[in-house]
Each structure stands twice: as C-alpha cells, then as structure tokens.
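Read through the structure below, which is laid out as structure tokens, and then see the notes.
In the numbering used here, the protein residues as written are 53 to 110.
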C-alpha cells in the first residue's frame, strides 16, 4: 500500500482497497484462513467500526 501511495501516487481509498484485497488473498491462499475470518478481521479493524470493537485485547 505504501508503494501505491508513494511511488504510483494512487489515491488513498483505492490503495487501501487494493491493500485489503492483497491481505485477504495472502491470508486465504498462503495461510488457509477461511474467508469468514478474513472478513471479520477486516471489519473489526475498520476505521468505521465502533471504538470498543477496535480495542486491543491482552
């Protein structure tokens, strides 16, 4: 994503969506992570999620 923002000069919202797609692909293909878990992880860390969802657990 940083390469897309800095080198390619892509808009931030597009670079973010591409970064999310790459992260889902890596999680699914390289690590065998189910799609439901991928989507839940993306929703949990979304800036539009309520603050208590984004809280880090120890």
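We put the beta carbon where it would ideally sit given N, CA and C, even for glycine. Since we're looking at a predicted model, the values are computed, not measured.
Pairing residue 87 with residue 66, the inter-Cα distance amounts to about 21 Å. Residue 84 and residue 59 have their C-alpha atoms roughly 31 Å apart. Note that the C-beta distance between residue 72 and residue 94 is below 8 Å. CA-to-CA, the gap between residue 75 and residue 92 works out to about 13 Å.
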